[in-house]
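Working notes for the structure below.
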């Protein structure tokens, strides 16, 4: 947590001189640490930020993507408007910290993009964020299975048969795409491993 807060301060001080940077970062980390989170937690945030760093050379504005990573699941209630509420929070926080309006707008746009993970062919920032959010699919198989269990825990209110059917539909749709990832580096780093993990999980969901 200390390292993440240090990363937040380093990122924000490139764009703001507000004395409230540390307080806003601490409040964000408190959100990511809420007890109902099993998958969308601090470990997920750290994984996405690391993946953004891996792909940053492809982005038009890497810092906008990093800020969007910080906010993309900042509001998580398992509700359809989580992404919208996260974008609104980003707009409020970053505007209050005095970041340039165009940067705030881009961060909010990127957060909203995570609803569909479908950035346009010229949207390099969106492609980096989308790929970073999906980098988790390429974990080592044992860790991938543990991660899938965390996802299931967040949907504990959903009957098992319904969850399995819904999860299978999502995975089948992902596998049907020509590529899971949009950026060249993500395809090189993660495509094969992610497809193996998804295929293996889909097989278990069909048993």
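Numbering (the working numbering), first residue to last: 8 to 214. Beta carbons are placed, not taken as given, at the ideal position from N, Cα and C, and that holds for glycine.
Compute the Euclidean distance between the alpha carbons of residue i and residue j, then round it to the nearest angstrom.
i           : j           : result
residue 132 : residue 118 : 11 Å
residue 170 : residue 113 : 34 Å
residue 16  : residue 63  : 19 Å
residue 163 : residue 176 : 18 Å
residue 212 : residue 142 : 21 Å
residue 50  : residue 181 : 23 Å
residue 129 : residue 201 : 24 Å
residue 92  : residue 42  : 19 Å
Contact defined as beta carbons within less than 8 Å: I believe residue i pairs with residue j. What is the distance between those atoms, to the nearest angstrom?
i           : j          : result
residue 135 : residue 24 : Not a contact, Cβ separation roughly 27 Å.
residue 35  : residue 81 : 6 Å
residue 27  : residue 40 : No, residue 27 and residue 40 are not in contact; Cβ-Cβ is about 20 Å, not under 8 Å.
residue 70  : residue 21 : 6 Å
residue 90  : residue 56 : Contact doesn't hold; Cβ gap of about 18 Å is too wide.
Among the options, whose alpha-carbon lies nearest the alpha-carbon of residue i?
i           : options           : result
residue 121 : 147, 94, 12, 21   : 94
residue 156 : 141, 127, 208, 79 : 208
residue 153 : 92, 62, 204       : 204
residue 126 : 161, 89, 72       : 72
residue 33  : 21, 69, 78        : 78
residue 101 : 54, 139, 84, 31   : 31
Name the two residues that bound the continuous alpha helix (DSSP H) containing residue i.
i           : result
residue 113 : 108–120
residue 9   : 9–19
residue 51  : 49–62
residue 144 : First-last for residue 144: undefined, no H or E at that position.
residue 32  : 28–39
residue 85  : Where residue 85 is concerned, there is no enclosing alpha helix (DSSP H), given that its DSSP letter is neither H nor E.
Review point. Are the region 99–108 and the region 161–176 touching, with three or more C-beta to C-beta distances below 8 Å?
Key: Touching, no, given that fewer than three Cβ pairs across the two stretches are closer than 8 Å.
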